[in-house]
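Engineer: Chains A and B, in that order, give the protein sequences. Read in order, the letters of the first sequence correspond to residues 1 to 112 in the numbering used here. Read in order, the letters of the second sequence correspond to residues 1001 to 1113 in the numbering used here. Okay, here's the structure, questions in a sec.
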Amino acid sequence: DVKVTQSSRYLVKRTGEKVFLECVQDMDHENMFWYRQDPGLGLRLIYFSYDVKMKEKGDIPEGYSVSREKKERFSLILESASTNQTSMYLCASRPGVESPLHFGNGTRLTVT
Amino acid sequence: KQEVTQIPAALSVPEGENLVLNCSFTDSAIYNLQWFRQDPGKGLTSLLLIQSSQREQTSGRLNASLDKSSGRSTLYIAASQPGDSATYLCAVCIIQGAQKLVFGQGTRLTINP
C-alpha cells in the first residue's frame, strides 16, 4: 500500500512565523502535490513537483514556497504565516499522470 | 478552464439502498477521472480511477462510469452501509499544461441505519 505521511496532524503558529509542512512518500513516486482545502472553496492546488528539484506553481502559490531535495520528500513553506493561511493542507503523490493520486491524512494549520 | 460540478451537495438515504452520485465536467480533454472519499478531518482515499479510454471501473460494491463526450461520470454504490457515510469527491486530470487534478466540491453522503 502507498503511504503518504504528513509530519503533523495539527499545528498552531503565530502570524509572521516561518512554517514548514513536511510530506514523505514511500513508493518512489515522481509527482508530488500540495493542496489546501477550505469550506466552500474545495481543494486548491498550491504547488506541485514532477521530480527532484523541479517545481511548478499551482493555482494559489502566493505566500508559499516548496522544496524537493529528495524524491520521497516534498516540503511546503509558509514564508511569513498569515491568518488567511489557516486551513487544512493536504499532500499527495503519484507515479505518473495515468496513476491514481494518493493523499496523506492532512495537516490542520491554525495561524493566530 | 475546466470546471467540475457535483450535484447534489448532500444526500441522505436509508441503509441497504443502491445509490448514484453524479459528477460533471466542462472540458473533455482529460487523461482520467478519479473518485475519492473523505472522512471528516481526514485526507482523501482513492476509490476508483477511470482512464479516458475506459467506460467503467468496478471495485467491490462500487462502480464508476465515464462518458467523456458528455462530460459526465457516476459513482454507483450498491447495498449502502452506514460505513459508507463520507464526502465523495470526483476529480479530472486535465491534459493541458500541468496535468493537474481539478476537483469537484463533493457530495456529503449519509447512510441512515
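Every residue gets a Cβ at the ideal spot worked out from N, C-alpha and C, and that includes glycine. Because the structure is a prediction, the values reported are computed rather than measured.
Any chance you could list the beta strand (DSSP E) runs of at least 3 consecutive residues sitting entirely within the stretch 38–71 of chain A, in chain order?
Structural biologist: You should have 42–49 and 64–70.
Engineer: Is it buried or exposed, A/Ser93, if we count other Cβ atoms within 10 angstroms and call 16 or more buried?
Structural biologist: Against the first sequence, residue 93 of chain A aligns to sequence position 93. Burial call: buried.
Engineer: Please report the straight-line C-alpha distance between B/Cys1090 and A/Trp34, rounded to a whole angstrom.
Structural biologist: Numbered from its first residue, the second sequence carries residue 1090 of chain B at position 90. Numbered from its first residue, the first sequence carries residue 34 of chain A at position 34. The straight-line gap from Cα to Cα measures roughly 17 Å.
Engineer: Checking the sheet assignment: what are the DSSP bridge partners for B/Tyr1031?
Structural biologist: Position 31 of the second sequence, counted from the start, is the residue given in the question as residue 1031 of chain B. Its beta-bridge partners do not exist; DSSP assigns none.
Engineer: Work out the CA separation of B/Arg1108 and B/Leu1011 for me, nearest whole Å.
Structural biologist: Locating residue 1011 of chain B in the second sequence gives position 11, counting from the first residue. Locating residue 1108 of chain B in the second sequence gives position 108, counting from the first residue. Cα-Cα distance, rounded: 6 Å.
Engineer: Please tell me whether B/Lys1068 has its Cβ less than 8 Å away from any Cβ of chain A.
Structural biologist: Counted from its first residue, the second sequence places residue 1068 of chain B at position 68. Closer than 8 Å: no.
Engineer: Rank B/Leu1048, B/Phe1025, B/Pro1014 and B/Glu1017 by C-alpha distance to the C-alpha of B/Tyr1088 and give the top, closest one.
Structural biologist: For the purposes of this step, residue 1088 of chain B is taken as residue 88 along the second sequence, with counting starting at 1. Looking at the Cα atoms, B/Leu1048 is the closest of the given residues.
Engineer: Just verifying my parser: in three-state terms, what is the DSSP assignment at A/Gln85?
Structural biologist: Position 85 of the first sequence, counted from the first residue, corresponds to residue 85 of chain A. Of the three classes helix, strand and coil, the one that applies to A/Gln85 here is helix, per DSSP.
Engineer: Report the rounded CA-to-CA distance for A/Ile60 versus B/Lys1001, giving the unit in angstroms.
Structural biologist: If you number the first sequence from 1, residue 60 of chain A lands on position 60. If you number the second sequence from 1, residue 1001 of chain B lands on position 1. When rounded, the distance between both Cα atoms is 15 Å.
Engineer: Mind checking A/Thr161: buried by the 16 CB within 10 Å criterion, or exposed?
Structural biologist: The question about residue 161 of chain A has no answer, for chain A in this structure spans 1 to 112.
Engineer: Taking its Cβ as the centre, do 16 or more other Cβ atoms sit within 10 Å of B/Ser1080, making it buried, or is it exposed?
Structural biologist: Counting from one through the second sequence, the residue named residue 1080 of chain B turns up at place 80. B/Ser1080 is buried by the Cβ-count criterion.
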